[in-house]
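Trainee: Residues in the sequence shown are numbered consecutively from 18, following this note's numbering.
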Amino acid sequence: MSRAVANPFELTERSPTCLICQGVRPSDLNTCLPCVLVVWLAADGFPEPERETRFDVDGRKWRFDLAWLALMIAVEVDGGTWSRGRHTRGRGFEDDCEKLNAATLQGWHVYRFTRAQVLDGRAGQVLKRALNVTLAAPR
Numbered sequence: 018m019s020r021a022v023a024n025p026f027e028l029t030e031r032s033p034t035c036l037i038c039q040g041v042r043p044s045d046l047n048t049c050l051p052c053v054l055v056v057w058l059a060a061d062g063f064p065e066p067e068r069e070t071r072f073d074v075d076g077r078k079w080r081f082d083l084a085w086l087a088l089m090i091a092v093e094v095d096g097g098t099w100s101r102g103r104h105t106r107g108r109g110f111e112d113d114c115e116k117l118n119a120a121t122l123q124g125w126h127v128y129r130f131t132r133a134q135v136l137d138g139r140a141g142q143v144l145k146r147a148l149n150v151t152l153a154a155p156r
């Protein structure tokens, strides 16, 4: 069972962009959801991932929200899951399947989370486990 994590990112000023990476942010937070994960993981001593990492397959140019290139671990944070956002409608869902399958075939381990999973700490817990396992593995 996950423990709810206090949210240090609640809205304190009106800016259309994330205060950390300048990317698009939810209207009720100061930061974008991937940056919430980055801050929480950094607080526990984990390496900082690349943001908006591009990977290309067969002419398609995709991006991961976050990626640890040397570890082949990537993160996708899907917003709008309860408001019929892009990731939950037919075409968007199919496009996401194509992207994640292509990434898997290239050897990526892609972890996909919702807004709620990021904000309540479940995403961070999964990523901590994944990073610990991968960092501990012999190379």
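Note that CB positions come from ideal geometry on N, CA and C, so glycine has one too.
Under the three-state reduction of DSSP, which class applies to W85: helix, strand or coil?
Mentor: For the purposes of this step, residue 85 is taken as the residue at position 68 of the sequence shown. Looking at W85 - three-state DSSP - the assignment turns out to be strand.
Trainee: Does the Cβ-Cβ distance between V127 and L50 come in under 7 angstroms?
Mentor: Residue mapping note: residue 127 aligns to position 110 of the sequence shown, counting from 1. Residue mapping note: residue 50 aligns to position 33 of the sequence shown, counting from 1. No.
Trainee: Whose C-beta lies closer than 6 angstroms to the C-beta of F130 among residues of the same chain, with five residues either side of it excluded?
Mentor: Against the sequence shown, residue 130 aligns to sequence position 113. V94, A140, listed in sequence order.
Trainee: Give every residue of the same chain whose Cβ lies closer than 7 angstroms to the Cβ of V160, excluding the five residues on either side of it in the sequence, and list them in chain order.
Mentor: With the chain running from 18 to 156 in the structure shown, residue 160 is simply not present.
Trainee: Counting C-beta neighbours from all protein chains within 10 Å, is the total for R68 16 or more, i.e. buried, or is it exposed?
Mentor: To locate residue 68, count along the sequence shown from 1; it is residue 51. Per the 10 Å Cβ criterion, buried.
Trainee: Which word fits L83, buried or exposed, when buried means at least 16 other C-beta atoms lie within 10 angstroms of its C-beta?
Mentor: The count along the sequence shown starts at 1 and reaches residue 83 at position 66. Buried, because 16 or more other Cβ atoms sit within 10 Å of the Cβ of L83.
Trainee: Hey, could you find the ends of the alpha helix (DSSP H) A154 is sitting in?
Mentor: Start at 1 with the first residue of the sequence shown, and residue 154 comes out as number 137. Element bounds for A154: n/a, residue is neither H nor E.
Trainee: For F72, report the span of its beta strand (DSSP E) as first-last.
Mentor: Here residue 72 refers to the residue found at position 55 of the sequence shown. Unbroken beta strand (DSSP E) run through F72: 67-74.
Trainee: When you compare each of V56, T70, V53, D61 to R146 by their alpha carbons, which one comes out closest?
Mentor: What you label residue 146 is simply residue 129 of the sequence shown in a count that begins at 1. The shortest Cα separation from R146 among V56, T70, V53, D61 belongs to D61.
Trainee: Who are the Cβ neighbours of A120 in its own chain at under 6 angstroms, not counting the five residues just before and after it?
Mentor: The count along the sequence shown starts at 1 and reaches residue 120 at position 103. Cβ neighbours of A120 beyond the five flanking positions: V127.
Trainee: Closer than 7 angstroms by C-beta to Q116: which residues in its own chain qualify, once you throw out the five before and the five after it? Chain order, please.
Mentor: The count along the sequence shown starts at 1 and reaches residue 116 at position 99. The question names Gln, yet the displayed sequence has Lys at residue 116. Hits under 7 angstroms: W79.
Trainee: Could you spell out where the beta strand (DSSP E) holding F130 opens and where it closes?
Mentor: For the purposes of this step, residue 130 is taken as residue 113 along the sequence shown, with counting starting at 1. Its beta strand (DSSP E) spans residues 126-131.
Trainee: Can you check whether the CB of A91 is closer than 7 angstroms to the CB of W125?
Mentor: Locating residue 125 in the sequence shown gives position 108, counting from the first residue. Locating residue 91 in the sequence shown gives position 74, counting from the first residue. Yes, Cβ-Cβ distance for W125 and A91 is below 7 angstroms.
Trainee: Identify every residue that forms a DSSP beta bridge with E93.
Mentor: Position 76 of the sequence shown, counted from the first residue, corresponds to residue 93. For E93, which the question treats as bridged, DSSP gives the partners R129.
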